[in-house]
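Numbering (the working numbering), first residue to last: 399 to 592.
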């Protein structure tokens, strides 16, 4: 039970203001009126991603240096900053259907965005610390949902008041800031070592 509670608390707190939470806002704005599909996509992506991360916990803890993790995470944040500035499909008419729909788009984007993310790294660390990777996966997934479901529900309302171009610019600034802070070794208060 400790693995479940610790995993839930750590990830729910770490996800606040995280790039995947920002992605939740953007997806909710992009797919207005399709909250259920966006939330389901986030859930499926998270459960698969975090199950893999918890399973990989022992290997990562023993074989990957903290510096490599820091550089990888910093580079990913900077890459998402650049991606957030690209106006392509984010500024299209929100009622226009995309090629893959809300569920598949959310699933793929959220799964990829979570790769190398601090909550995924926390899940890896928790998987290394606790032997019950099922409880770790359930706890971290519930923590992600606790942080991202409200983001999806609020995201559509934000889109009504703020244009996506402004949201994209703010998200890019936040991603870049987080990336630079990680590269400069600024501690966010999330202990990733088991």
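Positions of the beta carbon are idealized from the N, C-alpha and C atoms, including for glycine.
- Secondary structure at residue 432: coil, using DSSP grouped into helix, strand and coil.
- Out of 583, 539, 425, 551, the CA that lies nearest to the CA of residue 500 is found in 425.
- Annotation for residue 514: no alpha helix (DSSP H) segment contains it, and DSSP assigns it neither H nor E.
- According to the DSSP assignment, residue 405 belongs to the alpha helix (DSSP H) that extends over 400-413.
- Within its own chain, the residues whose Cβ lies closer than 8 Å to the Cβ of residue 404, once the five positions on either side in sequence are excluded, are 524, 528, 537, listed in chain order.
- Distance from the CA atom of residue 445 to the CA atom of residue 535, rounded to whole angstroms, is 7 Å.
- Around the beta-carbon of residue 532, fewer than 16 other beta-carbon atoms lie within 10 Å, marking it exposed.
- If the five residues before and after residue 433 are omitted, its C-beta is found closer than 6 Å to the C-beta atoms of 550, all from its own chain and listed in chain order.
- One thing to note: residue 541 has its Cβ no nearer than 9 Å to the Cβ of residue 436.
- Rounded to the nearest whole angstrom, the C-alpha separation of residue 447 and residue 552 is 24 Å.
- Non-local C-beta neighbours of residue 545 in its own chain, meaning closer than 7 Å and more than five positions away in sequence, comprise 410, 413, 414, 419, ordered along the chain.
- Around residue 402, the same chain offers 533, 536, 537 as residues with beta carbons nearer than 7 Å, after the five sequence neighbours per side are excluded.
- For residue 512, the CB contacts under 6 Å within the same chain, skipping 5 residues up- and downstream, are 418, 447, 518 in chain order.
- Residue burial is scored here from C-beta neighbours: residue 440 has at least 16 other C-beta atoms within 10 angstroms and is therefore classed as buried.
- The three-state secondary structure of residue 465, taken from DSSP, is helix.
- Burial state of residue 416 is buried, judged by a 10 Å Cβ sphere holding 16 or more other Cβ atoms.
- Residue environment: residue 507 is assigned as buried (16 or more neighbouring CB atoms within 10 Å of its CB, all protein chains considered).
- Taking C-beta separations shorter than 7 Å and ignoring five residues to either side along the sequence, the partners of residue 530 in its chain run 401, following chain order.
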